[in-house]
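Residue numbers for the sequence shown follow this note's numbering, so the first one is 32 and each next one is one higher.
Below you'll find the structure, written out as structure tokens, and then a few comments.
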Amino acid sequence: MYYLVASMGLQALWSLGLGCLDTYALRMKRDLHNPILVSLFVVGDWVTATLSLAAACSSGGVSVLFSKDVGFCSAYPLLSCKKFEISVVLAFATWLFIAMSSLVMFWLLASV
Numbered sequence: 032m033y034y035l036v037a038s039m040g041l042q043a044l045w046s047l048g049l050g051c052l053d054t055y056a057l058r059m060k061r062d063l064h065n066p067i068l069v070s071l072f073v074v075g076d077w078v079t080a081t082l083s084l085a086a087a088c089s090s091g092g093v094s095v096l097f098s099k100d101v102g103f104c105s106a107y108p109l110l111s112c113k114k115f116e117i118s119v120v121l122a123f124a125t126w127l128f129i130a131m132s133s134l135v136m137f138w139l140l141a142s143v
């Protein structure tokens with residue numbers, strides 16, 4: 032679970048940094064279509080997408096282990112298993128959006 036939190040925290044920082052850079056470029060009317068800069072964005076997006084997928088898959092495995100295989104969720108009702116399962120589903124949805132963003136950035140790199 033800590034890996035999922037760390038991965039999503041890194042993704043949030045990466046996205047916030049890109050958002051700030053985009054805001055700066057829009058305010059200063061600068062062009063960010065430099066091939067080296069775009070390739071840096073592509074690599075960063077692919078790294079965060081890979082980390083997010085790995086975190087979502089490992090957390091999904093832990094969720095299945097706790098709820099189906101071991102039965103911790105039924106034995107210990109104080110555990111918030113439903114919240115953990117929802118967070119895993121949201122992690123997979125986040126990865127889907129990150130993967131789309133990575134693909135768009137890759138196409139942008141090909142056009143630069």
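Glycine residues also receive a C-beta, built at the ideal position from the N, C-alpha and C atoms.
Since we're looking at a predicted model, the values are computed, not measured.
- Between the alpha carbons of A122 and C104 lies a gap of roughly 20 angstroms.
- In terms of Cβ geometry, A87 and W126 form a close pair [threshold 7 angstroms].
- Between S38 and S83, the beta carbon gap of about 5 angstroms places them in contact (Cβ cut-off 8 angstroms).
- Per DSSP, V120 is one residue of the alpha helix (DSSP H) stretching across 112–142.
- Residue environment: A80 is assigned as buried (16 or more neighbouring CB atoms within 10 Å of its CB, all protein chains considered).
- Only residues of its own chain outside the window of five on either side were considered, and among them L63, M136, L139, L140, V143 have a CB closer than 8 angstroms to the CB of V69, listed in chain order.
- About 6 angstroms separates the Cβ atoms of S94 and F115, confirming a contact at the 8 angstroms cut-off.
- M39 carries a helical assignment under DSSP once its states are collapsed to helix, strand and coil.
- Of the candidates G75, V101, A85, the residue whose Cα lies closest to the Cα of L134 is G75.
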